[in-house]
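Numbering-wise, the sequence shown is residues 1 to 188 according to full-length UniProt numbering. Below is one structure; the comments refer to it alone.
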Amino acid sequence: SMNGFTEAQTALTFRKPEYRILIVANKFQTGFDEPLLYAMYVDKKLAGVAAVQTLSRLDRPYEGKENPIVMDFANDPDTIEKAFEPYYGHTSLSHGTDPNILYDFQRQLEDFHIFAGDDIEKFAKIFYDRRNKQDKLFPVIDEVVTRFNDLEIEEQEKFRKLLRDYLRTYAFLSQIISFSDMDRRRNS
C-alpha cells in the first residue's frame, strides 16, 4: 500500500506517535472505534445515518479528551442536526467560527455583575507574576464568589452555562485563530 503497511494494519498503526493524522475517503465511517480520534475535518456531503455514523467516531471517551472538534467544510449545520435528531432528540451545534461571538459572550457575562474588568486585571496581574503565591489570588476570587453566591439559583445556572460556552468557544477558536487581543487571552 502507499503507506508502507497493509490496510488491515491501519487502525493499529494510527495509535503510534509518529502517525498522528489519518486521511481517509469513505473509510472508517462505521466500526472504527478509536478513542484517540479528537478532530475530524469533513470535506464531503454527509446526511442521514452516514452523517451520524461518521461523526460519531469522535464520541469514544479517552482520558484528557474533552470537546472533540469537527471542522465541516461541506455540510449545512441544519442537515447535520436533522441527521442526529432521531437518535438524540434535540441536537445543538456550534454554528460557524466567528470570533466576535466571544465579545457577545463577554458582554452577557458582564451583565451579571459578578466580575468587572478590574477584577480580571487584579487576578491576571497576580496570576501571571511567577513570584506571587497562589494565596494572593484568594481575596480576588472570594469577592467574585460572593457576588456569584448572591445570585438566585436560576441565575447562577445561566451564568455557569454562559461561562462554559465562552470557555469552550475560546478553546476552540484559539486553535484556529491567533488572538492578538491580550484582553481576550486574559479573560479566558
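Heads up, the beta-carbon is just placed ideally off N, CA and C, and yes, glycines get one too. The structure displayed is predicted, hence computed values, not measured ones.
Could you pull out every residue in the same chain whose Cβ sits closer than 8 Å to the Cβ of residue i, ignoring the five residues on either side in sequence?
i: V49; result: A83
i: N132; result: I126
i: K16; result: none
Please classify residue i as buried or exposed, where buried requires at least 16 other C-beta atoms within 10 Å of its C-beta.
i: Y41; result: exposed
i: Y103; result: exposed
i: I153; result: exposed
i: L55; result: buried
i: A8; result: exposed
In angstroms, rounded to a whole number, what distance separates the CA positions of residue i and residue j?
i: E34; j: T6; result: 18 Å
i: F115; j: R160; result: 13 Å
i: residue 218; j: R60; result: An answer regarding residue 218 cannot be provided, because it is not within the stretch 1 to 188 covered by the chain.
i: A74; j: K44; result: 5 Å
i: T146; j: G117; result: 17 Å
i: D165; j: D119; result: 21 Å
i: I21; j: G64; result: 18 Å
i: F138; j: D150; result: 18 Å
i: E157; j: T79; result: 30 Å
i: A47; j: A11; result: 25 Å
i: D72; j: Y62; result: 23 Å
i: V144; j: A51; result: 43 Å
i: Y170; j: Y128; result: 19 Å
i: E121; j: I23; result: 44 Å
i: V70; j: R130; result: 36 Å
i: D142; j: E155; result: 19 Å
Would you grab the beta carbon distance between residue i and residue j for me? Rounded to a whole angstrom, and I think it's under 8 Å.
i: F123; j: V140; result: 5 Å
i: A39; j: P68; result: 7 Å
Identify, in the order they occur along the chain, each residue of the same chain with its Cβ nearer than 7 Å to the Cβ of residue i, setting aside the five sequence neighbours on each side.
i: I162; result: In the sequence on display, residue 162 carries Leu and not Ile. Contacts found: F105, Q108 and L109.
i: T13; result: F5 and Y19
i: T91; result: Its pLDDT being 49, under 50, T91 is placed unreliably by the model, and nothing is read from it.
i: R168; result: N67
i: K136; result: I126
i: I101; result: T169
With 7 Å set as the bound, which would you pick, yes or no: does the beta-carbon of residue i sit closer than that to a beta-carbon of chain B?
i: D59; result: Among the protein chains of the structure shown there is no chain B, as only one such chain exists.
For residue i, I'd like the list of residues in its chain whose CB is within less than 6 Å of its CB, leaving aside the five on either flank, ordered along the chain.
i: residue 192; result: Residue 192 is absent from the structure shown; the chain starts at 1 and stops at 188.
i: N3; result: none
i: F148; result: I114
Point to revise | Secondary structure, beta strand (DSSP E): runs of 3+ residues fully inside the region 61–125 | key: Given a length threshold of 3 residues, each whole run of the beta strand (DSSP E) inside the region 61–125 is given here in chain order: 69–72.
Check your understanding: Which runs of the alpha helix (DSSP H), 4 residues or longer, sit entirely within the region 124–167?
Key -> For the region 124–167, the continuous alpha helix (DSSP H) assignments of 4+ residues that do not extend past its boundaries occur at 138–149, in sequence order.
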